[in-house]
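Structure first, commentary second.
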Amino acid sequence: MVSVVGFIIGAILFGLHYILELILPAALVNALLIAVLVILSGGLHLDGLSDTIDGLAGHRTPERRLEIMRDSHIGAIGAAGLFLFLIIEYVCLNSIPDKYLPFTLLLAPVVSRWAMIYAIFVFPYARPEGLARRLSKP
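If you count the sequence shown from 1, position 23 lands on 44 in this note's numbering, and the numbers rise without skipping.
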């Protein structure tokens, strides 16, 4: 199921790229693809990234870090990290040679979803409750 969802997202990105590249410059197409990816994923990965950056910034106890990560508000360092991540994502997308871009747009969402499954089973869970806890090993 994870592969199917990733492939559908990749197919949407590939289709949009194929259509938009006919009428728009490549840099704008890539920015729009990132925006569509954020919309399709609901921004959940970006929320998690900003929470993680906020929690890991500074010298805090593990308990305080988890508390910060649970907070629904984004901090300055989380916002800066999110901004930098999106810039890096944009530059990386612009750096992919044209002949590899369709393959990348199809494959990256599949690989990223499998990476989440891998992480759930390989890395220890930080707290006893959470979104993916029911999927991880007991």
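Don't be surprised by glycine CBs; every beta carbon is placed ideally from N, CA and C.
Can you tell me whether H66 is helix, strand or coil according to DSSP?
helix
DSSP three-state assignment for E42, whether helix, strand or coil:
coil
For the stretch 32-40 against the stretch 118-129, are there 3 or more C-beta pairs whose distance is under 8 angstroms?
Note that the stretch 32-40 touches the stretch 118-129; at least 3 beta-carbon pairs, one per stretch, sit closer than 8 angstroms.
Which term fits P118, buried or exposed, when burial requires 16 or more other beta carbons within 10 angstroms of its beta carbon?
exposed
Kindly provide the ranges of any alpha helix (DSSP H) runs that are 4 or more residues long and lie completely inside the stretch 54-98, ordered along the chain.
65-77 and 83-91
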